[in-house]
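In the numbering used here, the protein residues as written are 6 to 180.
Glycine residues also receive a C-beta, built at the ideal position from the N, C-alpha and C atoms.
Quick caveat, the model's predicted, so the values are computed rather than measured.
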Amino acid sequence: MFSKYKPTWMVDAIYKITPAQLKNLGIKAVLTDLDNTLIAWNNPDGTEELLDWILEMRNAGIPVVVVSNNSSERVARAIDKFELTYVARALKPLAVGMNRAKKMLNLSDDEIVMIGDQIMTDIRAANRSGIRSILVKPIIETDSWKTRFNRFWERKIMAYLLAHNPDMGWRGGIE
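Following this line, the structure appears as structure tokens:
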């Protein structure tokens, strides 16, 4: 019933996903949500851990592309110091932004993964676009007003998914 919201993997935090794990699964590029996945929605500075993770991906030759529903101005301002490419106004849960990012990367669907903290937008868009997905726990427990409505429904959908998919559970990586 809710399989269109089911992530491929569930990982505690984006920082626990390593280049070796990705390469072992044939993944050559990462698409990622911005708010509460890469950075706290209310603190665009990021953390040292984030900077280390981005550098680790860059050194491994794995491009990281931010796919966000935010405006171009908001995304650019938030990730400027990280030197990442992005797709703004992605229209998640539709596949529009995912497809734009996939076209930029010129890779097959099985070589790309989407990482996000919301099943109703990030995971649903990944599933619609035919790529694998990683659900991560939100960086902070609070959300912007735009996200609070989705979180209510997400709790119900996640309860269903967890009850009907015993293989689902939080892990420390994707292997």
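So, is residue i buried or exposed, given that buried needs 16 or more other C-beta atoms within 10 angstroms?
i	result
residue 171	exposed
residue 76	exposed
residue 90	exposed
residue 113	exposed
residue 108	exposed
residue 86	exposed
residue 111	exposed
residue 127	buried
residue 17	exposed
Nearest CA to the CA of residue i: which residue from the options?
i	options	result
residue 8	166, 59, 174 and 52	166
residue 71	116, 43, 124 and 28	43
residue 116	29, 92 and 82	29
residue 64	33, 40 and 78	33
residue 88	13, 163 and 55	55
residue 52	83, 103, 31 and 73	83
residue 160	131, 111, 105 and 122	122
residue 105	130, 81 and 124	130
residue 157	144, 78 and 124	124
residue 101	169, 80, 120 and 135	135
residue 144	79, 50 and 41	41
residue 66	39, 98, 38 and 31	31
residue 15	163, 139 and 162	139
residue 69	174, 27, 169 and 45	27
residue 98	118, 132 and 50	132
residue 103	11, 10, 35 and 173	35
Helix, strand or coil: how does DSSP classify residue i here?
i	result
residue 14	strand
residue 34	strand
residue 121	strand
residue 126	helix
residue 176	strand
residue 45	strand
residue 138	strand
residue 114	helix
residue 50	coil
Any heavy atom of the ligand SAM inside 7 Å of the beta-carbon of residue i?
i	result
residue 69	Among the components modelled here there is no ligand, and therefore nothing to report on the ligand SAM.
Output yes if chain B places a C-beta closer than 8 Å to the C-beta of residue i; else output no.
i	result
residue 129	In the structure shown, chain B cannot be found, because there is only a single protein chain.
Please check the pair residue i and residue j, which I expect to be a contact at CB under 8 Å, by giving their CB distance rounded to whole angstroms.
i	j	result
residue 37	residue 137	Not confirmed; about 13 Å, so no contact.
residue 19	residue 141	5 Å
*Should the stretch 22-29 be regarded as contacting the stretch 168-179, the criterion being three or more beta carbon pairs within less than 8 Å?*
yes
Taking one C-beta from the stretch 90-105 and one from the stretch 57-64 each time, how about it: are there three or more such pairs within less than 8 Å?
no
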